[in-house]
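Sequences listed follow chains X and G, in order. If you count by the numbering used here, then the first sequence holds residues 45 to 256, one letter each, in order. If you count by the numbering used here, then the second sequence holds residues 45 to 256, one letter each, in order. Have a look at the structure below, then the notes.
Number of protein chains: 2
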Amino acid sequence: MRTDTNEIYVDLQRKLVTAQLEPGTKLKPNDLQGEYGCSSNTVRDVLLRLSKVGLVEFEMQRGFRAKASTPEMRRDVTKFRILIEQEGAALSMKNGGVQWEAKLSAAHHQLSHIETQIERTNDVLRYMDLWSDAEENFHETLISGCESPLLRETYSNVYAQFRQQMISQERNFGSNYFRSIIIEHQAILDAALDRDVEACRQSIYDHLKRNL
Amino acid sequence: MRTDTNEIYVDLQRKLVTAQLEPGTKLKPNDLQGEYGCSSNTVRDVLLRLSKVGLVEFEMQRGFRAKASTPEMRRDVTKFRILIEQEGAALSMKNGGVQWEAKLSAAHHQLSHIETQIERTNDVLRYMDLWSDAEENFHETLISGCESPLLRETYSNVYAQFRQQMISQERNFGSNYFRSIIIEHQAILDAALDRDVEACRQSIYDHLKRNL
DNA sequence: ATTTCTAAAAATTTCAACTTTTTGTTTGGC
DNA sequence: GCCAAACAAAAAGTTGAAATTTTTAGAAAT
Chain X
45 MRTDTNEIYV
55 DLQRKLVTAQ
65 LEPGTKLKPN
75 DLQGEYGCSS
85 NTVRDVLLRL
95 SKVGLVEFEM
105 QRGFRAKAST
115 PEMRRDVTKF
125 RILIEQEGAA
135 LSMKNGGVQW
145 EAKLSAAHHQ
155 LSHIETQIER
165 TNDVLRYMDL
175 WSDAEENFHE
185 TLISGCESPL
195 LRETYSNVYA
205 QFRQQMISQE
215 RNFGSNYFRS
225 IIIEHQAILD
235 AALDRDVEAC
245 RQSIYDHLKR
255 NL
Chain G
45 MRTDTNEIYV
55 DLQRKLVTAQ
65 LEPGTKLKPN
75 DLQGEYGCSS
85 NTVRDVLLRL
95 SKVGLVEFEM
105 QRGFRAKAST
115 PEMRRDVTKF
125 RILIEQEGAA
135 LSMKNGGVQW
145 EAKLSAAHHQ
155 LSHIETQIER
165 TNDVLRYMDL
175 WSDAEENFHE
185 TLISGCESPL
195 LRETYSNVYA
205 QFRQQMISQE
215 RNFGSNYFRS
225 IIIEHQAILD
235 AALDRDVEAC
245 RQSIYDHLKR
255 NL
């Protein structure tokens, strides 16, 4: 009846990027242990692994806490995400083949479908999880042709941290917001498929600059 | 009489970046436990923390191994290091004050002193540890004015991985080698102090391109 | 000879008790 | 009344062993 360790990892990860565990919260293995019906040591293991992604801060003899969120950190993670995503996209445009174009096109189609639904129904909550996955998938697909495992892994971490930092901020989730990002995602896709590196860099910047 | 956990971390880290633990080696907590007079679980903790830096690979239910080294990975880590270092240096040149210039100048002075010694005496081994520290310090100081904790942390990890990947390769440690890098480090310093972003980007590239 | 299956061995992960360190509170001195 | 030392409570880290999983190796079957 024990929860699989990997499920604990995934569950904690989700709680961290959705701010169910708010930034700065102390994460005590002993408290969390109860939730999952495992020993505190197992939780400790999971938290160490989450600290690799940057969602959790670890300090020797002082335990763990959900990574803090400050205006400076939010600007930092945004700047860094822009850098990595621009570079990854540029490399993808250089190296990517038709297959990359196809995958990107598909990812965008799916994302854009969900975003249109949200805009029409104005029911953000209902589609939030779906949208989250699709957004991440689109951005990761964008850089997926870069042929650099290190860059991709770094991006994946930065994206997670970005979510974590911003989620508590984004109270601007009206349908206006989605009208904007529909256009922004489209601009990124168009530039990418055109292999217009400068336009793509610009549209990535435009997409994220509200967080600077 | 127990070894402090942090010492275990530092010791393993050193063995990893110096290839005393060769890339790809399986790292079994049970084997290493003996070396340090602690339980295997403590070693496990340390290895999880080292996997955050990217020196150790971890796979669930399959344990740990020193990160592998292949030509592709060496190229990847080099490309990525160039990217991060160029960007960090550019930002430092933009944001850095006199203090940054002073620290950079000092770091270079120290490094250049050691490199001159090595070139004269041709006794690489004797100065290797000193040189390693000075080289890392110079490059980290170069980007230290970038005002982005994330970029600095990423660089620190990438630098460590770079070392790990290259150490087994660099059999080109003759005095020719040091003659070259003395010039290269000087070029980086000069460009940085001149705040000539393009020249600095170029000299960073020139410094690392041999590994591409 | 190659593949598949099974049993033993080895390695990894989990656990709950124990030790150390940190944190917070109370008490006593100034 | 304020600071500091001592104490108590809580949290973090460590341990050795048990439980689980993966790997290895040998036997049986195709």
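The C-beta atom is built at its ideal place from N, Cα and C for all residues, glycine as well.
- [ ] With DSSP as the reference, please indicate the residues paired to residue 109 of chain X in a beta bridge.
- [x] Along the first sequence, one-based indexing puts residue 109 of chain X at 65. According to DSSP, which records beta bridges pairwise, residue 109 of chain X is partnered with X:70, X:101.
Open item on the list: Taking a contact to mean a Cβ-Cβ separation below 8 Å, would you say residue 174 of chain G touches residue 187 of chain G in this structure?
Closed with: Here the question's residue 174 of chain G lines up with position 130 in the second sequence. Here the question's residue 187 of chain G lines up with position 143 in the second sequence. Pairing residue 174 of chain G with residue 187 of chain G gives a Cβ-Cβ distance that is not under 8 Å.
- [ ] Kindly indicate if chain X contains any beta-carbon less than 8 Å away from that of residue 255 of chain G.
- [x] Here residue 255 of chain G corresponds to residue number 211 of the second sequence, with the count starting at 1. It does not; no Cβ of chain X falls within 8 Å.
- [ ] Compute the beta-carbon to beta-carbon distance between residue 87 of chain G and residue 73 of chain G, rounded to the nearest angstrom, for a pair I have assumed lies under 8 Å.
- [x] Here residue 87 of chain G is taken as the residue at index 43 of the second sequence, counted from 1. Here residue 73 of chain G is taken as the residue at index 29 of the second sequence, counted from 1. Here residue 87 of chain G really is in contact with residue 73 of chain G; their C-beta atoms are around 4 Å apart, less than 8 Å.
TODO: Sort X:83, X:204, X:162, X:101 by Cα distance to residue 181 of chain X and report the nearest one.
DONE: On the first sequence, residue 181 of chain X is found 137 positions in, with the first residue counted as 1. Looking only at X:83, X:204, X:162, X:101, the smallest Cα-Cα distance to residue 181 of chain X is reached by X:204.
Task: chain G contact residues for residue 86 of chain X, given Cβ-Cβ distances below 8 Å - done: For the purposes of this step, residue 86 of chain X is identified with residue 42 of the first sequence, where counting begins at 1. Under the 8 Å cutoff, chain G gives no residues; its nearest Cβ is about 12 Å from residue 86 of chain X.
- [ ] Helix, strand or coil for residue 166 of chain G, going by three-state DSSP, please let me know.
- [x] For the purposes of this step, residue 166 of chain G is taken as the residue at position 122 of the second sequence. Coil.
Task: Candidates X:82, X:120, X:69, X:122, of which the one nearest residue 53 of chain X by Cα - done: Here residue 53 of chain X corresponds to residue number 9 of the first sequence, with the count starting at 1. It is X:82.
- [ ] Check the Cβ of residue 137 of chain X against every Cβ in chain G and list those closer than 9 Å, keeping chain order.
- [x] Reading the first sequence from its first residue, position 93 is the one you call residue 137 of chain X. None at all; the shortest Cβ gap to chain G is about 16 Å.
- [ ] Would you mind telling me which residues of chain X sit closer than 9 Å to residue 95 of chain G, beta carbon to beta carbon, in chain order?
- [x] Reading the second sequence from its first residue, position 51 is the one you call residue 95 of chain G. Neighbours of residue 95 of chain G in chain X, taken as residues at a C-beta separation under 9 Å, are given in chain order as 92, 93, 96.
Task: Counted within 10 angstroms of its Cβ, other Cβ atoms place residue 256 of chain X as buried (16 or more) or exposed - done: Indexing the first sequence from 1 puts residue 256 of chain X at position 212. Exposed, because fewer than 16 other Cβ atoms sit within 10 Å of the Cβ of residue 256 of chain X.
Open item on the list: Beta carbons nearer than 9 Å to chain G: which residues of the segment 54-78 of chain X have them?
Closed with: Interface annotation for the segment 54-78 of chain X against chain G: empty, criterion Cβ-Cβ distance under 9 Å.
Task: Any 3 or more C-beta pairs closer than 8 Å across the segment 220-233 of chain G and the segment 151-165 of chain X - done: Contact between the segment 220-233 of chain G and the segment 151-165 of chain X is absent, with fewer than three C-beta pairs closer than 8 Å.
Open item on the list: So, does the segment 132-146 of chain X touch the segment 193-213 of chain G, judging by three or more C-beta pairs under 8 Å?
Closed with: Output reads no: the segment 193-213 of chain G does not touch the segment 132-146 of chain X.
Open item on the list: Against chain X, does residue 198 of chain G count as a neighbour if the rule is that its beta carbon must be under 8 Å from one of theirs?
Closed with: Taking the first residue of the second sequence as 1, we reach residue 198 of chain G at position 154. Closer than 8 Å to some Cβ of chain X, the Cβ of residue 198 of chain G qualifies, so yes.
Task: Reduced DSSP secondary structure (H/G/I, E/B, other) of residue 49 of chain G - done: Here residue 49 of chain G corresponds to residue number 5 of the second sequence, with the count starting at 1. Three-state result, residue 49 of chain G: helix.
Task: residue 179 of chain X beta carbon less than 8 Å from that of residue 200 of chain X - done: Along the first sequence, one-based indexing puts residue 200 of chain X at 156. Along the first sequence, one-based indexing puts residue 179 of chain X at 135. No, the pair does not count as a contact, with Cβ atoms beyond the cut-off.
Open item on the list: So for residue 191 of chain X, helix, strand or coil by DSSP?
Closed with: Walking along the first sequence from the start, residue 191 of chain X turns up at place 147. Three-state result, residue 191 of chain X: coil.
Task: Reference residue 99 of chain G; option with closest CA among G:229, G:124, G:208 - done: Position 55 of the second sequence, counted from the first residue, corresponds to residue 99 of chain G. Selected option, being the one with the closest Cα: G:208.
Open item on the list: For residue 93 of chain X and residue 145 of chain X, I'd like the C-alpha separation in whole angstroms.
Closed with: For the purposes of this step, residue 93 of chain X is taken as residue 49 along the first sequence, with counting starting at 1. For the purposes of this step, residue 145 of chain X is taken as residue 101 along the first sequence, with counting starting at 1. The alpha-carbon separation between residue 93 of chain X and residue 145 of chain X amounts to approximately 33 Å.
- [ ] Determine contact between the segment 241-255 of chain X and the segment 118-130 of chain X, defined as no fewer than three beta-carbon pairs at a distance below 8 Å.
- [x] Contact holds between the segment 241-255 of chain X and the segment 118-130 of chain X, because three or more Cβ pairs, one in each stretch, are under 8 Å apart.
Task: Below-8 Å beta-carbon distance, residue 111 of chain X vs any chain G residue - done: Translated into positions along the first sequence, residue 111 of chain X becomes position 67. It does not; no Cβ of chain G falls within 8 Å.
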